[in-house]
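Asker: Note that the protein sequences, when read in sequence, are chains A and B.
For the first sequence, the positions run 1 to 539 when this note's numbering is used.
For the second sequence, the positions run 1001 to 1337 when this note's numbering is used.
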Amino acid sequence: MNRREFLKSTTAIAATTAVSAPAVMSSASAQARNETLLVIREEGPNNFDIHGVGTNRPGYEVSWNCYDRLMSHGVKKFPDGSDSYDRDTFTPELAEEWTKGDMSMTFKLRKDATFHDGTPVTAKDVKWSFDRAVTVGGFPTFQMKAGSLEKPEQFVAVDDHTFRVDFIRKDKLTVPDLAVVVPGVYNSELIKKHATEKDPWGLEYTKTNTAGGGAYKVTRFQAGSEVVYERHDNWKSGKLPQIRRVIWRVVPSAGNRRALIERGDADLSFDMPNKDFAELKQAGKLQMVSSPVGNACWYLGMNCKNPPFNNMKVRQAVAYAIPYQKILDAVMYGVANPLYGAKSNTVSTTAWPQPHGYSADIAKAKALMAEAGMANGFETTLSFNVGEGVVSEPLAILVQESLAQIGIKTTINKITGANFRNELLKKELPMIINVFGGWLDYPEYFFFWCYHGQNAVFNTMSYQDKDMDALIDGARKAAAEGDNATYEKDVKGFIDKAFAEVPRIPLFQPYLNVAMQKNVSGYRYWFHRQLDYRTLAKA
Amino acid sequence: MLRQIGKRLSIAIPSVIGVIIVTFLLTRVLPGDPAVYFAGPAATPQAIEEIRKSLGLDKSMPEQFVRYVKDLSTGNFGNSLTTGQSVASDIASRLPASAELTLLGLLISILIAVPLGIVAAVKQGSVIDHACRIVATAGVSLPVFFTGLILVYVFYFRLGWSPAPLGRLDIFYSAPPHVTGFYLIDSLLAGQFETFRAALSQLILPAATLAIFSLAPITRMTRASMLAVLASDFVRTARASGLSPRAVIITYAFRNAMLPVITTLGMVFSFLLGANVLVEKVFAWPGIGSYAIEALIASDFAPVQGFVLTMAIMYVLLNLMIDMLYGVIDPRVRLEG
């Protein structure tokens, strides 16, 4: 081919592509765009299976949408009219109906439900999946235990479509625990084919393959950049979702996520930074939903084991020296629930989290320091996780500034994300800024992990007190037995005690922020703080 | 020539061994315990111990090292815990993305910087020379992530000329069949011109970001090297012999000025591979830079080691290539080698 011929042919190609391409693209893409949801987020999953080792939070979302559970939750409204799951109602998912006896619960499974590969879902699969959750160890086993689901013997496949859970003890959290992300139902025959002697539960296979019967299955995955889901058209455990395809693109830069959603190229931006959220909300071009994260709060924790924070007066002094309102305005841009300034430290409801009676009052703080014999103050360090630096860093600086006024000289200690939990486990840090949220939205659940003398990781303050333990255990027992009077007394008791002795100072309750185009509907807040694609729709 | 290559490679082997040892030690000395990290939010000491065992971290350091080297010799880079894939396949799928971006960035940069440098040297003190100085200063003083964000803001967000910064392809295109892993080449080979255009339009902004960053050293080096050559005796002789200015500059001066420029190119290329990390973050580019950073944050040893090793091997190959280019440009180097 000589030069002239080549030029001719390229212009011809250019001309045909220029004419035909847009026409093809517009009709195909218009239809595709309507049934496709483009979600952008900061991170992608590292494992599709919540039973796996080290599955990260985005991985929970894959598990939630690709595996069915026996039961799920109903819906209720937040005061602002947005949807939330309803903690107190349970709705059928894979199980059509159930009967709860005194020491067991029997589920009737849907007869027409199938896995993605078309094999019918049977009670044997349910048993295998539950056995797997309580056996593999790590997070799934731990979470199952939270609802007193501990041994394979507790799970019985009565016949193909009847499944029974036997209780080893009465526990109010057993039923809610069956509706969390962990007890999903796996395609046991399919996974067994990929299991090996070293990996009897096939965790290697489910890491990057979805082997369930949920409303969606993953059809394309590029770690760290993209996950593509297709709808399971034969899904029977609920109303068939409108969205046929979900594309999840990982966009690490917050600024670009904002540009993408503002220009309308993305349908939904999940878990936005507060500053962007506040500004976009004001601009009014998008649909912005912000839901308080249930059973969660940011806090300042103090190590009760070592001086000076083993002195209650010092802890109270710190609680009076925190610039709560400044933190809400300057750090959270107003997108958080205040947890301070109640009339007193004695509470009147069992709601959690709720405001405590401290507020910024330097005079009172100074007086308490003097009472503690620390009028001249002391030096200490304030640590936080760099991974949460967007919130923690300005927060730490505000706290540092304020504490200087009562003579406490703080050095800020930034710890990298990989090392933070390591440091928490040692329980040596004198003062930390951290956040904790429990999936199961009950105060006694929160207190059991964060304040109980069993000294779990989340009791970052090493707080130990016999009376506190008695109140928490009492509330758990009362809840299981349905003894409302004792339950209420004990819950109020432990909240009062936590506020009076302040081993950790609750700062605010965070929100989960989502921005959507105006044509997206059906967003619902869930306790696991991930997206549920099944209710979403696009007009 | 072959003997020279062989000799060069044998010199490179100790450095690769050194890199293996240093990365192994560094990843173990760094703070952050992978077992704790991967034990998840509700880690009990027992759970952490189990994970430590399953990751082989309970073994002694020499034992871990022997195991690591044994795996390496069979081409096994280990598994990444954050992505759940084998490191070798992760790197293989991501390296072309980084390479395509870096090479295009470098190419754009050369196409602008070399002529600019020559003109600046030939017309010393002219407007072009000053412009060249401004470009060089600006390029050097702007951090890549900043340039990247500004370009996105202007060309995507404000003007809407550029496609969304969502990686290598718009979501409604699928990747061309894999041949080289370079989308531009693969799409042409498959005759998918539409995909080629889409891939190219995704590439322009990040490649421009890298090009701006690398303009300065190439322009400055071209200019300086040209100035030195232009002042030398043989150019004066050539001029005096009545050769056309064009022949003098291109054939005589430029060819001789190229050696230092090639050296600079090698250095710039390695800088660019580093700068890539940030550019990939800004443009959601699925390359190995962003991969290594994510792994580092999660104390995920295997990918970090794999990344450093890949980079080391690439540097060795790059240096080898530059040495060979030297030989092509200036035969005297070959004799000395």
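Here a beta-carbon is modelled for each residue, glycine too, at the ideal position from N, C-alpha and C.
Listing by chain order, which chain A residues have their CB less than 8 Å from the CB of D1090 of chain B?
Answerer: A223
Asker: Are the CB atoms of I408 of chain A and V318 of chain A within a distance shorter than 9 Å?
Answerer: yes
Asker: Assign A404 of chain A to one of two classes, buried (16 or more other C-beta atoms within 10 Å of its C-beta) or exposed (fewer than that).
Answerer: exposed
Asker: Straight-line CA distance for P45 of chain A to T210 of chain A?
Answerer: 13 Å
Asker: Could you tell me which whole beta strand (DSSP E) segments of length 3 or greater appear in the region 212-241 of chain A?
Answerer: Entirely contained in the region 212-241 of chain A, the beta strand (DSSP E) runs reaching 3 residues are, in chain order, 216-222, 226-231.
Asker: Could you name the residues of the same chain whose beta carbon sits closer than 7 Å to that of M288 of chain A, not counting the 5 residues immediately before and after it, in chain order?
Answerer: F277, L280, K281, A515
Asker: Would a check of beta-carbon distances place A1039 of chain B closer than 9 Å to chain A?
Answerer: Yes, A1039 of chain B lies at the interface with chain A (some Cβ there is under 9 Å from its Cβ).
Asker: Cβ of F48 of chain A within 9 Å of Cβ of V218 of chain A?
Answerer: yes
Asker: From what residue to what residue does the alpha helix (DSSP H) around E488 of chain A run?
Answerer: 484-501
Asker: Could you check the C-alpha separation between S1241 of chain B and V1122 of chain B for me, to the nearest Å?
Answerer: About 19 Å.
Asker: In the region 248-260 of chain A, which residues sit with their C-beta less than 8 Å from some C-beta in chain B, listed in chain order?
Answerer: R249, V250, V251, P252, S253, G255, N256, A259, L260
Asker: Identify the continuous alpha helix (DSSP H) that holds S269 of chain A and give its terminal residues.
Answerer: No alpha helix (DSSP H) holds S269 of chain A; the beta strand (DSSP E) holding it covers 268-270.
Asker: Inspect the beta-carbon positions of L1278 of chain B and P1165 of chain B and report whether they are closer than 9 Å.
Answerer: Cβ distance not < 9 Å, so L1278 of chain B and P1165 of chain B don't count as in contact.
Asker: Nearest chain A C-beta to F1213 of chain B closer than 9 Å, yes or no?
Answerer: no
Asker: In the DSSP assignment, what residue or residues form a beta bridge with D86 of chain A?
Answerer: Per DSSP, A:G74.
Asker: Given 8 Å as the limit, is there contact between the region 427-445 of chain A and the region 290-302 of chain A, that is, 3 or more CB pairs closer than that?
Answerer: Verdict: yes, contact present.
Asker: Please determine, among A:R57, A:R110, A:W449, the residue with the shortest C-alpha to C-alpha distance to W235 of chain A.
Answerer: A:R110
Asker: Just to confirm before moving on: does the CB-CB distance between I1288 of chain B and A1097 of chain B stay below 9 Å?
Answerer: Result yes, Cβ atoms of I1288 of chain B and A1097 of chain B sit closer than 9 Å.
Asker: Determine which residues share a DSSP beta bridge with C297 of chain A and list them.
Answerer: A:F436
Asker: Using C-beta distances below 7 Å, list every residue in its chain close to R524 of chain A, excluding the 5 sequence neighbours before and after it, in chain order.
Answerer: V75, D83, S84, Y85, D532, T535
Asker: Less than 8 Å between the CB atoms is what I'm expecting for A372 of chain A and V314 of chain A, so what's the real figure, rounded?
Answerer: 5 Å
Asker: With a threshold of 9 Å between beta-carbons, can R1008 of chain B be considered close to chain A, or not?
Answerer: no
Asker: Let me know if E93 of chain A comes out buried or exposed under the rule of 16 or more other beta-carbons within 10 Å of its beta-carbon.
Answerer: E93 of chain A should be labelled buried.
Asker: Measure from the alpha carbon of K151 of chain A to the alpha carbon of each residue in A:K207, A:P140, A:W449, A:A195, then state which is nearest.
Answerer: A:P140
Asker: Between the C-alpha atoms of I1329 of chain B and R1255 of chain B, what's the straight-line distance to the nearest angstrom?
Answerer: 7 Å
Asker: Near V251 of chain A, what residues of its chain come up, given a Cβ to Cβ distance below 6 Å and the 5 sequence neighbours on each side ignored?
Answerer: I40, R257
Asker: Where do the N-terminal and C-terminal ends of the beta strand (DSSP E) with R1197 of chain B fall, by residue?
Answerer: Element bounds for R1197 of chain B: not the beta strand (DSSP E) but the alpha helix (DSSP H), 1193-1230.
Asker: Check the DSSP bridge columns for D166 of chain A and list the partner residues they point to.
Answerer: A:S104
Asker: Taking the alpha carbon of S1109 of chain B as the point to measure from, which residue in B:P1217, B:M1258, B:V1119 has its own alpha carbon closest?
Answerer: Checking every option, the nearest Cα to that of S1109 of chain B belongs to B:P1217.
Asker: So if I threshold CB-CB distances at 7 Å, which residues from the region 1260-1289 of chain B count as touching chain A?
Answerer: For the region 1260-1289 of chain B, which is checked against every Cβ of chain A, the residues closer than 7 Å are K1281, V1282, A1284, P1286.
Asker: How should V182 of chain A be labelled, buried or exposed, when 16 other C-beta atoms within 10 angstroms of its C-beta is the threshold for buried?
Answerer: buried
Asker: If you measure beta-carbon to beta-carbon, which residues of the region 51-75 of chain A are closer than 7 Å to chain B?
Answerer: V53, G54
Asker: Start and end of the alpha helix (DSSP H) containing K280 of chain A?
Answerer: At residue 280 of chain A the sequence reads Leu, which differs from the Lys that was named. L280 of chain A -> alpha helix (DSSP H) spans 274-283.
Asker: Given that Y1068 of chain B touches chain A, what residues does it touch there, using C-beta distances under 7 Å?
Answerer: The contacting residues do not exist; Y1068 of chain B stays about 20 Å from chain A at best.
Asker: Within the 9 Å Cβ cut-off, does I505 of chain A reach chain B?
Answerer: no
Asker: Closer than 8 Å by beta-carbon distance: list the chain B residues that pair up with D233 of chain A, in chain order.
Answerer: Under the 8 Å cutoff, chain B gives no residues; its nearest Cβ is about 21 Å from D233 of chain A.
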